[in-house]
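J.: With our numbering applied, the sequence shown corresponds to residues 32 to 205, in that order.
One structure coming up, written as structure tokens, with questions to follow.
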Amino acid sequence: MIHIRPAQPSDVPTMLRFIRELAEYEREPDAVLATEADLLRDGWGLGADGVTPLVGESRPRFAALIGELDGEPVGFALYFWSYSTWRGHHGIRLEDLYVTPAKRKHGVGKTLLARLAKIAVDEGCPRLEWDVLDWNAPAIAVYERIGAWVQTEWRIMRLADEALHAMARMDRSS
32 MIHIRPAQPS DVPTMLRFIR ELAEYEREPD AVLATEADLL RDGWGLGADG VTPLVGESRP
92 RFAALIGELD GEPVGFALYF WSYSTWRGHH GIRLEDLYVT PAKRKHGVGK TLLARLAKIA
152 VDEGCPRLEW DVLDWNAPAI AVYERIGAWV QTEWRIMRLA DEALHAMARM DRSS
């Protein structure tokens with residue numbers, strides 16, 4: 032039986048394992064720099080012990096769902112709030128959706144997406160968005176079957192690392 036529940040601090044080791052497995056699947060195994068402490072801080076405002084609240088970290092930066100199959104965590108969805116100036120409304124941005132390879136084709140991923148869609152509807156969000164790699168044809172096919180579409184006219188732009196710092200140094204505002 033599939034069960035979807037909000038992630039808890041005790042799920043962080045499993046979530047980090049899922050994140051690393053997803054990075055491996057997406058051909059970026061060395062790209063994961065996140066630690067359990069990062070997830071505890073940004074998801075729950077907690078210190079590395081998973082218990083002590085951090086001062087000034089009361090606003091979660093993300094939320095997550097855990098997908099269980101027969102009581103075993105087999106997948107997760109990590110998301111955060113976005114905002115559309117055109118729509119004049121908030122939305123949900125799905126950062127990661129992952130189900131372990133051995134447990135795929137059991138409906139866990141689709142059920143995680145359905146729960147996230149319900150959260151979006153319940154919160155009054157007009158949309159749910161996420162990225163998918165252009166070579167991930169199986170995922171794209173699933174997403175299109177549920178009614179999602181690829182926005183081919185948009186490209187993701189990113190400033191990171193030294194380029195981000197160089198741009199920040201250009202700020203001359205008061």
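The C-beta atom is built at its ideal place from N, Cα and C for all residues, glycine as well.
(1) Considering only residues of the segment 136-162, which uninterrupted alpha helix (DSSP H) runs meet the minimum length of 4 residues and lie entirely inside it, listed in chain order?
(2) Sorted by chain position, which residues of the same chain lie with C-beta nearer than 7 angstroms to Met32's C-beta, five sequence neighbours on each side aside?
(3) Cα separation between Leu190 and His196?
(4) Under the three-state reduction of DSSP, which class applies to Asp192: helix, strand or coil?
(5) Look at the Cβ atom of Ala54, then the Cβ atom of Ala65, and state whether they are nearer than 7 angstroms.
(6) Could you tell me the boundaries of the beta strand (DSSP E) in which Pro37 lies?
(7) Using the Cα positions of Gly98 and Trp185, report the straight-line distance between them to the nearest angstrom.
(8) Can you tell me whether Gly140 is buried or exposed? The criterion is at least 16 other CB atoms within 10 Å of its CB, across all chains shown.
(9) Who are the near neighbours of Ser41 in its chain, counting only those whose CB is closer than 8 angstroms to its CB and skipping five residues on each side?
T.: Inspection of the coordinates gives the following:
(1) Counting only runs of 4 or more, we get 139-153.
(2) Cβ within range, chain order: Asp101.
(3) Rounded to whole angstroms, Leu190 to His196 spans 9 angstroms at the Cα level.
(4) For Asp192, the three-state secondary structure derived from DSSP is helix.
(5) It is not a contact, given that the beta carbons lie outside the stated cut-off.
(6) Bounds of the beta strand (DSSP E) holding Pro37 are 33-37.
(7) Going from the Cα of Gly98 to the Cα of Trp185 covers about 30 angstroms.
(8) Burial of Gly140 is indicated by the presence of at least 16 other C-beta atoms within 10 angstroms of its C-beta.
(9) Taken in chain order, the residues that qualify are Gly81.
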